[in-house]
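Q: Positions in the sequence shown are counted from 1; adding 886 to them yields the numbering used here. A virtual CB, placed ideally from N, CA and C, is assigned to each residue, including glycine. Note that the structure is a prediction, hence the values are computed from the model and not measured. Can you read through this structure? Questions will come right after.
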Amino acid sequence: MMLNQALEYSTAYLLLGGNLGNREANLKKAIELLNDKIGKVITSSSLYETAAWGKTDQPAFLNQAIALQTNLSALEVLDLALGIEQELGRVRKDKWGERLIDIDLILFGDQIINIPDKLQVPHPHMQDRKFVMEPLAEIAPEVIHPVLGETILSISRNIDDPLEVKKL
């Protein structure tokens, strides 16, 4: 006798970015692959253009936040996202360097995960970066940051980041 067991789904929030090649096409292809390999993309933000953060002598980034429903674990999502980056031609050279595609796991439901040198959720610097918080606030304004206990919208309005983030 088989029991019907409902699959447990989580909402994962990811930030996509890139500053090389056809940035918009790269984000679109990444979303298609995320939808195929990880889970159903349920919403995506507008595109945002931002000057490079950390290492500033490079082209501007195009960023987009997405939410997807998945029955995978956060670690499985991370591993598959890294595989998608490679599939799309990402080469990791410099920290904060230019790249064709970058896929960061920002939030995973209301989970707090800390696996040293592998995965930290919520993303440890999300609340300090406008280029993360503005697109995320567009698609998840009422989501509560599981560590800070504030809504994404509230955090995004109180961010102290001088980088200009331009909604396209």
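Let's test the definition: count the other Cβ atoms within 10 Å of the Cβ of LEU954 and tell me whether it reaches 16, buried, or not, exposed.
A: Position 68 of the sequence shown, counted from the first residue, corresponds to residue 954. Buried, since its Cβ has 16 or more Cβ neighbours within 10 Å.
Q: Can you tell me the Cα-Cα spacing of MET888 and ASN957, whole angstroms?
A: Sequence index remark: in the sequence shown, residue 888 carries index 2 (1-based). Sequence index remark: in the sequence shown, residue 957 carries index 71 (1-based). In this predicted model, MET888 has a pLDDT of only 46, less than 50, meaning its place in the structure is not dependable enough to derive any value.
Q: Please work out which residues of its chain come closer than 7 Å, Cβ to Cβ, to LEU974, disregarding the five sequence neighbours upstream and downstream, and give them in chain order.
A: Start at 1 with the first residue of the sequence shown, and residue 974 comes out as number 88. Here the set comprises ASN912, LYS915, ALA916, LEU986, ILE987.
Q: Quick test of your reading: LEU991 and LEU933, contact by CB under 8 Å. State the CB separation rounded to the nearest angstrom.
A: One-based indexing of the sequence shown puts residue 991 at position 105. One-based indexing of the sequence shown puts residue 933 at position 47. That pair is no contact at about 20 Å.
Q: In this structure, does DSSP put GLU960 in helix, strand or coil?
A: Looking up residue 960 in the sequence shown gives position 74. According to the sequence as given, residue 960 is Ala; it is not Glu. It is helical.
Q: Determine the DSSP secondary structure at ASN905, reduced to helix, strand or coil.
A: In the sequence shown, residue 905 corresponds to position 19, counting from 1. Assignment of ASN905 by DSSP, reduced to helix, strand and coil, places it in the coil class.
Q: Could you work out which residue in SER930, GLU918, THR942 is closest to PRO1048 when comparing CA atoms only?
A: Stepping through the sequence shown from its first residue, residue 1048 is reached at position 162. With distances taken between Cα atoms, PRO1048 lies closest to THR942.
Q: Does the Cβ-Cβ distance between LEU948 and GLY907 come in under 8 Å?
A: By one-based count along the sequence shown, residue 948 stands at place 62. By one-based count along the sequence shown, residue 907 stands at place 21. Result no, Cβ atoms of LEU948 and GLY907 do not sit closer than 8 Å.
Q: Alpha carbon to alpha carbon, how far is THR936 from GLU894?
A: Along the sequence shown, one-based indexing puts residue 936 at 50. Along the sequence shown, one-based indexing puts residue 894 at 8. Rounded to the nearest whole angstrom, the CA to CA distance from THR936 to GLU894 is 36 Å.
Q: Candidates VAL1007, PHE1017, ILE1025: which alpha carbon is nearest LEU1034's?
A: Stepping through the sequence shown from its first residue, residue 1034 is reached at position 148. Checked all of VAL1007, PHE1017, ILE1025; the closest Cα to LEU1034 is VAL1007.
Q: Tell me which residues share the same chain as GLY995 and place their Cβ nearer than 8 Å to its Cβ, disregarding the 5 neighbours each side in the sequence.
A: Here residue 995 refers to the residue found at position 109 when the sequence shown is read from its first residue. Excluding sequence neighbours, GLY995 sits near SER896, THR897, ALA898.
Q: Check the C-beta distance from ILE1038 over to ALA1026 and give it rounded, since I have them as a contact under 8 Å.
A: Position 152 of the sequence shown, counted from the first residue, corresponds to residue 1038. Position 140 of the sequence shown, counted from the first residue, corresponds to residue 1026. ILE1038 to ALA1026, Cβ: 5 Å. Contact.
Q: Quick one: Cα of ALA1023 to Cα of SER1042, how far?
A: Along the sequence shown, one-based indexing puts residue 1023 at 137. Along the sequence shown, one-based indexing puts residue 1042 at 156. Roughly 7 Å separates the two Cα atoms.
Q: Rounded to whole angstroms, what's the CA-CA distance from ASN890 to GLU1050? Just pull it up for me.
A: The residue labelled residue 890 in the question sits at position 4 within the sequence shown. The residue labelled residue 1050 in the question sits at position 164 within the sequence shown. Confidence in ASN890 is poor, its pLDDT being 48 and thus under 50, which makes the residue's placement too unreliable to answer from.
Q: Using C-beta distances below 6 Å, list every residue in its chain close to THR929, excluding the 5 sequence neighbours before and after it, in chain order.
A: For this step, residue 929 is matched to residue 43 along the sequence shown. Only ALA953, ILE1025 meet the Cβ criterion.
Q: Run through the DSSP bridge pairs and tell me what ASP988 is partnered with.
A: Along the sequence shown, one-based indexing puts residue 988 at 102. Beta-bridge pairing links ASP988 to GLY903.
Q: Taking the alpha helix (DSSP H) that VAL1018 belongs to, which residues open and close that run?
A: On the sequence shown, residue 1018 is found 132 positions in, with the first residue counted as 1. Residues 1016-1025.
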